[in-house]
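Worksheet: the structure to be examined is printed underneath.
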Amino acid sequence: MADYKLALENITKSFGALTANDAVNLRVRAGTVHAVLGENGAGKSTLMNILYGLYKPDSGRILVDGQPVTVSSPKEALASGIGMVHQHFMLVAHLTVTENIVLGMSGQGLMLDVAGHTRRIEDLSKSFGFDIDPGAEVIKLPIGMQQRVEILKLLYHNAEILILDEPTSVLTPNETGPFFELLHRLKDAGKTIIFITHKLEEVMAVADDVTVMQDGKVRASVGAADTDPASLARTMVGREVLFQVKRSAHSTGETVLELDGVTAGNDRGLKALERVSFEVRAGEVFGIAGVDGNGQTELAEVITGLRSVDSGRILVAGKDITQTSVSRRAGELGIAYVPEDRHRDGLVLDDSVAQNAILRTYDQAPFASYGFFNRQAIADHAARLVRDFDVRLQSIDQEIRYLSGGNQQKVILARELEANPKVLVAAQPTKGLDVGAIEFVQQQILNQRDRGVAILYISTELEHLLDVCDRVGVLFSGRLMDTLAAADATPERIGLLMAGVAA
Ligand SMILES: Nc1ncnc2c1ncn2[C@@H]1O[C@H](COP(=O)(O)OP(=O)(O)OP(=O)(O)O)[C@@H](O)[C@H]1O
Ligand SMILES: [Mg+2]
6 MADYKLALEN ITKSFGALTA NDAVNLRVRA GTVHAVLGEN GAGKSTLMNI
56 LYGLYKPDSG RILVDGQPVT VSSPKEALAS GIGMVHQHFM LVAHLTVTEN
106 IVLGMSGQGL MLDVAGHTRR IEDLSKSFGF DIDPGAEVIK LPIGMQQRVE
156 ILKLLYHNAE ILILDEPTSV LTPNETGPFF ELLHRLKDAG KTIIFITHKL
206 EEVMAVADDV TVMQDGKVRA SVGAADTDPA SLARTMVGRE VLFQVKRSAH
256 STGETVLELD GVTAGNDRGL KALERVSFEV RAGEVFGIAG VDGNGQTELA
306 EVITGLRSVD SGRILVAGKD ITQTSVSRRA GELGIAYVPE DRHRDGLVLD
356 DSVAQNAILR TYDQAPFASY GFFNRQAIAD HAARLVRDFD VRLQSIDQEI
406 RYLSGGNQQK VILARELEAN PKVLVAAQPT KGLDVGAIEF VQQQILNQRD
456 RGVAILYIST ELEHLLDVCD RVGVLFSGRL MDTLAAADAT PERIGLLMAG
506 VAA
């Protein structure tokens, strides 16, 4: 028999009428990186949650080293050598690295031998080149480091199979290289890795094998060397993906959004933006490039009113709105916002899709009048958004937390774009979306541009910026380094500015 570390046989899982996994077969060779690809809602996370004991499959079985195993909890999964790092991390923020790693270890009281655990964690960390301080409080570590803590935790519990669900979506571009090196070290140590991603170039760079899922089924399983991004995309989406949106020539109008010397702090009270000035005209997409954490979040927040400025002014259509409330900016002033952290700022996870679709306008006609909700209007609105944006779900009355990550993002986009905004602030709008959905969203943003909306498009992904922006400004350390017209904005020039090197 072939050298399969892991085999999933005929796994089926339904949620009510929806079959999220439909007789899935997956074979993963020992010591390889196996990429799992698929559109938003294809069933990737569900399959991995089954493998990690979080969901019970309706039928099918799991074999490790050729032996059937039962995994009815993450603890049992780990006992079979299977570990998982989720799309959203599960660390306890205010505990130390050591505490997080030994947390929940059965039988061995943490109090018994903290020093021993700490020493072993430090050794393990060093052997993989991690450079993690076991005594550090998790919340104080950057995201890339927290991810390493999650992986270290699995290694410490002797996981042989590591499931990584969209691990690169939380990393900045310069953290991705070191992360790939880590994957190679894990492979060299004999670990088997299942790697979920939407980025086809990442598949080509690190995967040995690729499995493509669509509508809960496996469409193809191939060696990475025997395929290419275009055919992967075609298999995934079921049609040709162009990787290039159509951008028509057009002229811009009056200045709509203007920042004039804006200075603001971040949550830790440090300076996040320093005298930032720029203008965005009607019908213009102004891109903000930069390495994550150089003031992008704060920039979006001062414009939408979620953060106050220390000095400087913000104007919309020539009117000073610096002191205007969040709700007036979103309502009368027409500033739409696609936030980067959708769970924190974009959605109420316990509410239905329909309620989330009117989150910013729930108290207005036609959704409410005289203090009563108009259920029909709310339902019609949600149904339209779902249809226009191809949101995959069972029902608009479903709690939005049960939608796949990418489909949650589509609900936010639909809600914000359908509101007929004058200004659109889009922060990482394509994060977590599949290639087909990215193309769709980029096209929607260009449609808004053609309607005369002034758009601020913040992204760490240079290619996406260059695809849709008319001009690109680069933020570095809270300052706007320079602004380039699209024609002059080569990746090299922007890259230098992102590193703080002025022209
Ligand atoms: N607990 C649940 N209850 C109801 N439906 C669910 C539940 N978990 C997942 N689903 C549904 O199962 C389908 C598959 O979702 P899943 O999260 O596996 O997709 P995915 O491939 O990981 O997508 P993405 O790329 O967007 O993360 C979706 O339609 C989702 O709404
Ligand atoms: Mg998922």
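Residue numbers (our numbering): 6 to 508.
Glycine is no exception: its CB is placed at the ideal position from the N, C-alpha and C atoms.
Chain-order list of residues whose beta-carbon lies under 8 Å from that of residue i (same chain, five-residue window excluded)
i      : result
Met6   : Since pLDDT at Met6 reaches only 47, below the 50 mark, its modelled position is unreliable, and the value read off the structure follows with that caveat. Only Gly71 meet the Cβ criterion.
Leu176 : Ile148, Gly149, Gln152 and Phe184
Cys474 : Val290, Phe291, Gly292, Tyr462, Ala491 and Ala494
Thr101 : Pro139, Gly140, Ala141, Glu142 and Val143
Arg286 : Thr257, Gly258, Glu259, Thr260, Val261 and Ala459
Arg190 : Phe133 and Gly134
Phe20  : Gln399 and Tyr407
Asp487 : Gly478, Val479, Leu502, Ala507 and Ala508
Thr268 : Lys276, Leu278, Glu279, Arg280, Val281, Val314, Asp315, Ser316 and Gly317
Outcome for residue i when other beta-carbon atoms lying within 10 angstroms are tallied against a minimum of 16
i      : result
His255 : exposed
Phe291 : buried
Arg454 : buried
Gln433 : buried
His203 : buried
Ala25  : buried
Lys18  : buried
Tyr60  : buried
Pro560 : The structure shown has nothing for residue 560, since the chain only spans 6 to 508.
Ala235 : exposed
Pro172 : buried
Pro73  : exposed
Arg456 : exposed
Gln449 : buried
Arg349 : exposed
Pro371 : exposed
Leu159 : buried
Cutoff 7 Å; reference residue i; Cβ partners in own chain excluding five residues on either side
i      : result
Ser78  : Gly58
Tyr161 : Ile106, Ile126 and Leu129
Gly310 : Thr329, Ser330, Val331 and Arg334
Val119 : Thr103
Ala98  : Val143 and Ile144
Lys49  : Val41, Gly43, Ile201 and Met218
Gly496 : For the sequence presented, residue 496 should be read as Pro rather than Gly. Around Pro496: Leu467.
Asn412 : Asn45, Gly46, Val396, Arg397 and Leu398
Leu451 : Val250, Arg252 and Val473
Among the options, nearest to residue i - alpha-carbon criterion
i      : options                           : result
Gly182 : Ala210, Asn163 and Val307         : Ala210
Val314 : Gly351, Lys276 and Asp350         : Lys276
Leu304 : Asp265, Gly336, Ala322 and Ser332 : Asp265
Ile383 : Tyr407, Gln399, Val358 and Phe394 : Val358
Ala238 : Val41, Ala388 and Gly86           : Val41
Ala225 : Gln403, Thr232 and Thr216         : Thr216
Gly500 : Glu468, Gly483 and Val353         : Glu468
Gln447 : Val430, Asp472, Phe394 and Arg484 : Asp472
Ala388 : Ala28, Asp402 and Phe377          : Asp402
Val296 : Gly478, Asn179, Asp136 and Asn163 : Asn179
Gly86  : Ala98, Thr103, Gly121 and Leu167  : Leu167
Lys131 : Leu157, Gly121, Leu146 and Leu108 : Leu157
Val307 : Ala322, Ala98 and Asp272          : Asp272
Leu146 : His122, Asn163, Phe94 and Ser174  : Phe94
Gly195 : Glu206, Gly36, Leu422 and Asn361  : Gly36
Phe481 : Arg498, Val69 and Gly505          : Gly505
Arg397 : Gly221, Ser174, Glu14 and Val353  : Gly221
Leu390 : Arg420, Val250 and Gly88          : Arg420
Ala244 : Leu23, Tyr9 and Glu444            : Reading the sequence as shown, one finds Arg at residue 244 and not Ala. Closest by alpha carbon: Glu444.
Asp346 : Val242, Arg252 and Gln92          : Gln92
Gly270 : Ala294, Gln301, Leu169 and Gly288 : Gln301
Leu485 : Ser374, Ile16, Ile198 and Phe283  : Phe283
Gly298 : Arg380, Gly483 and Ile326         : Gly483
Cβ-based neighbour list, residue i, same chain, cut-off 6 Å, excluding 5 preceding and 5 following
i      : result
Asn54  : Tyr60
Ala431 : Val343 and Tyr462
Ala82  : Tyr57, Gly58 and Val76
Lys415 : Phe394 and Val396
is_contact[residue i, chain B] using C-beta, thresh 9 Å
i      : result
Val353 : Judged by its chain identifiers, the structure shown contains no chain B, having just a single protein chain.
Heavy atom of ligand 4 within 8 Å of residue i beta-carbon
i      : result
Gly410 : Questions concerning ligand 4 fall outside what the structure shown contains, since the ligands it does hold are ligand 1 and ligand 2.
- Query: Okay, do the region 421–432 and the region 331–350 touch, 3+ Cβ pairs below 8 Å being the bar?
  - Reply: yes
- Query: Hey, is the region 40–47 in contact with the region 430–448, meaning 3+ C-beta pairs nearer than 8 Å?
  - Reply: yes
- Item | Three-pair Cβ contact test at 8 Å for the region 404–413 versus the region 312–327 | no
- Query: On the three-pair Cβ rule with 8 Å, is the region 268–282 touching the region 463–473?
  - Reply: Touching, no, given that fewer than three Cβ pairs across the two stretches are closer than 8 Å.
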